[in-house]
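Okay, so here's the structure we're looking at.
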Amino acid sequence: MARYTGKIMVVTGASRGIGQAIGAAFGREGATVVGVARGDLSATGDQVRAGGGIFIPKNADLGQGTQAEARQLVSDILSETGRIDGWINNAGIIRRAPAVEFSEADWNDVLRTNLNAPFFLSQAVARWWVTGGREKGPAEARLKIVNVASLLSFQGGITVPAYAASKHGIAGLTKALANEWARERINVNAIAPGYIATDNTQALRTDPHRNRAILDRIPEGRWGSPEDIAGAILFLASRDADYVNGTILNVDGGWLAR
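Residue numbers (numbering that gives the first Met the number 0): 0 to 257.
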């Protein structure tokens with residue numbers, strides 16, 4: 000199926016891992032994918048184009064998490080594409096240290112990237128939509144915003160206090176924005192990935208004790224892949240999910256069911 004033919008889908012943190020898999024999946028369904036990242040986006044572009052999609056790279060650093068930067072990024076994308084049909088807030092970082100030793104710099108870096116940036120980016124694209132953007136599409140057009148939450152939107156984790164706080168915040172933000180914007184034909188949802196094999200989980204996967212403990216709890220008995228997450232994103236960003244709003248969809252191999 001080419002559910003996204005003619006659609007402009009923006010994915011942050013698109014240079015690798017989950018973001019790259021999301022971009023490639025949209026490409027395979029016909030989308031024009033705007034990939035946002037600090038790093039090299041060429042590999043993502045290759046995957047999007049190989050699947051039949053169009054790729055637009057956009058280098059940007061979301062680490063400051065300011066309203067002005069978010070508005071500028073959205074404006075830059077719109078000047079090139081003319082409209083936005085979906086926005087995926089995937090970019091995120093994690094810092095690990097015992098809570099009694101966690102630095103102010105690490106705390107602020109994580110909150111700016113993981114919580115401030117998604118809010119201000121969502122705000123900017125929603126502002127464009129309600130002030131005339133939705134008129135650029137058919138009468139039934141909807142704007143889809145999908146945030147990437149985490150299992151730590153529901154749990155505390157170990158030695159990741161800032162990450163847990165930011166992902167709890169993303170879950171609350173998703174619901175708050177859905178409440179305000181549903182009548183504007185904006186769907187705001189989130190997915191909560193479980194333990195996925197990416198750079199962010201490398202330290203856990205290489206620790207034999209943590210790795211074994213994690214695998215023993217996951218009913219699937221395996222780490223998830225970025226492609227597992229991409230499939231859930233494509234559902235929430237599609238017309239199949241037009242009546243889904245304010246939900247946090249767990250994609251965790253059954254972890255939270257234990």
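Don't be surprised by glycine CBs; every beta carbon is placed ideally from N, CA and C.
Fair warning: this is a prediction, and the values are worked out from it, not measured in the lab.
Per the C-alpha coordinates, the member of T65, A42, I217 positioned closest to G252 is I217.
For W127, the enclosing alpha helix (DSSP H) begins and ends at 116-129.
Annotated three-state conformation of W180 is helix, per DSSP. The DSSP-derived three-state label of I213 is helix.
Boundaries for I228: no beta strand (DSSP E) harbours it, while the alpha helix (DSSP H) harbouring it runs 225-235, taken from the DSSP string. Assigned with DSSP and collapsed to three states, K6 falls in coil, not helix or strand. Of the residues A90, V124, F54, the one whose Cα lies closest to the Cα of V73 is V124.
When the Cα atoms are used, T31 and A98 turn out to be separated by approximately 42 Å. The C-alpha of D227 is placed about 18 Å away from the C-alpha of I213. DSSP places G29 outside both helix and strand once states are collapsed to three, so it counts as coil. Inter-segment contact for the stretch 186-197 and the stretch 236-254 is present: three or more beta-carbon pairs are separated by less than 8 Å.
Burial state of P192 is buried, judged by a 10 Å Cβ sphere holding 16 or more other Cβ atoms. Three or more pairs of CB atoms, one per stretch, sit closer than 8 Å, so the stretch 174-184 contacts the stretch 116-132.
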